[in-house]
Amino acid sequence: MKTLHAAEVRGTAIRRSVATLLNRMEKLASRSDRLFSAHLEFTDPRGVTTTLPRFLFTGPGDRSSFLRVGIFAGVHGDEESGVLAALDLIQELHANPAPALGYELFIYPVCNPWGFSRNARWLKSGADLNREFWRGSSEIEVLMLEGQLMRLAFDGIIALHTDDTSEGIYGFAKGHQLTRYVLEPALEAASRHLPRNFDRSIDNFQANMGIIEQGYTGILGAPPTQKPRPFEIVFETPHAASLEAQIKAHTAAMSIMLERFRGLISEAQNI
Ligand SMILES: [Zn+2]
């Protein structure tokens, strides 16, 4: 008898439509001069097409000096709050673009559409998308996202996740050495909605006030060759907390990150 993968067992119960999820955004984009729906498509030799949702939001300001930030959610298909928070952020910015001053934001709300539609963490192959980057993976989602990360050379990267082993919010500060100065106020702002995890060890990594400066290999991030290193943050909310509080924590954190990136990235560029 075939042994079912855990994702397959869980995946049979729920089917969520990515198209339905994005419907509201598509409508908004169709009548916006700042928000663009620009999904990525890849067709394999058998003719099977994989679509990776992507939205582009251009903030006010001088386009020639825009900072480029990538926001990635739904890398794990069973982590819904980041997906909804990324969409909420788009909607908020569409209503009030001021916080996006000087930015072009590339938002990938559902990086693992197969997993999202089945409420499963994994890719269809059973692999963990967040362990496959920059190690020669042939997973379609990895190839598409690596292509974006290479081509767009983001100044800042934000990845939204949830953790079912943590009772509080925390984050990974990676890339540029000043990244922790973006993450710290973001955790502070998000702690209005959910408690911070102050454990000295989180997810088996040494942590300081909810900030981890190591991390797994193979996670979604800038190409190893990119110089200077961009600001890279992985923000985690506790999976067991209410969905609404998690979404608020994610959006509060992202707002502060955008505020802080602006000053620190230009400062870093001048060093
Ligand atoms: Zn995750």
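Sequential numbering of the sequence shown, starting at 242, is according to our numbering. Beta carbons are placed, not taken as given, at the ideal position from N, Cα and C, and that holds for glycine.
Among the options, the one whose alpha carbon lies nearest that of residue i
i    : options                   : result
L281 : E382, T478 and F357       : E382
E320 : P479, T292, L269 and S278 : P479
P413 : G456, A326, F298 and C352 : It is Phe, not Pro, that sits at residue 413 in the sequence shown. Among G456, A326, F298 and C352, the Cα nearest to that of F413 belongs to G456.
L293 : S305, G416 and L263       : L263
L499 : G311, A270, T261 and N353 : G311
L411 : A326, H434, Y422 and F439 : It is worth fixing the name first, because residue 411 is Tyr in this sequence and not Leu. Per the Cα distances, F439.
L330 : E473, L269, V289 and L386 : L269
P471 : E508, W355 and S483       : E508
A482 : D404, P338 and H317       : D404
Q332 : I506, L484, E454 and S278 : S278
K489 : T284, L328, F283 and E267 : L328
Y422 : L342, E267 and E473       : E473
Whether residue i touches residue j by CB criterion (8 Å)
i    : j    : result
R275 : F347 : no
F374 : R309 : no
I398 : F476 : no
A336 : A427 : no
L424 : G323 : no
G451 : R437 : yes
S496 : P286 : no
E345 : L364 : no
P354 : H417 : no
Y349 : F313 : yes
L386 : C352 : yes
Assigned exposure category for residue i - 16 Cβ within 10 Å defines buried
i    : result
R272 : exposed
A431 : buried
S208 : What the structure shows of the chain is the stretch from 242 to 512, and residue 208 is not part of that stretch, so it cannot be assessed.
Q487 : buried
L384 : exposed
G409 : buried
T420 : buried
R376 : exposed
G315 : buried
K243 : Residue confidence is low: K243 scores 41 on pLDDT, short of 50, so the model does not pin down where it sits. Its coordinate-derived value is still stated next. Looking at its Cβ environment, which holds fewer than 16 other Cβ atoms inside 10 Å, K243 is exposed.
T492 : buried
R304 : exposed
G504 : exposed
K415 : buried
V289 : exposed
P465 : exposed
E485 : exposed
F446 : exposed
R501 : buried
8 Å Cβ cutoff, residue i in contact with chain C
i    : result
V383 : Although the question refers to chain C, the structure presented lacks it and comprises just one protein chain.
- Would the stretch 353-361 and the stretch 254-269 be scored as touching if the rule is three or more Cβ pairs under 8 Å? Yes, the stretch 353-361 is in contact with the stretch 254-269.
- Item | Segment contact flag, the stretch 383-395 with the stretch 451-469, C-beta cutoff 8 Å, min 3 pairs | A contact exists between the stretch 383-395 and the stretch 451-469.
- Message: Ignoring anything shorter than 4 residues, give me the alpha helix (DSSP H) runs that lie fully in the stretch 375-443, in order along the chain.
- Response: With a minimum length of 4 residues, the continuous alpha helix (DSSP H) runs that stay inside the stretch 375-443 are 381-393 and 421-431.
- Query: Is the number of C-beta pairs between the stretch 365-372 and the stretch 298-307 that are closer than 8 Å three or more?
  - Reply: Contact between the stretch 365-372 and the stretch 298-307 is absent, because fewer than three Cβ pairs lie under 8 Å.
- Whole alpha helix (DSSP H) runs in the stretch 243-309 with 4 or more residues, listed along the chain? Runs of the alpha helix (DSSP H) inside the stretch 243-309: 247-252 and 259-271.
- Task: Enumerate, from N- to C-terminal direction, the unbroken alpha helix (DSSP H) stretches of 4 or more residues contained entirely within the stretch 462-504.
- Result: Those alpha helix (DSSP H) runs which fall completely within the stretch 462-504 and span 4+ residues do not exist here.
- Task: Would you mind listing the beta strand (DSSP E) stretches within the stretch 312-347 that are 3+ residues and don't spill past its ends, in chain order?
- Result: Contiguous beta strand (DSSP E) elements confined to the stretch 312-347 do not occur, taking only those with 3 or more residues.
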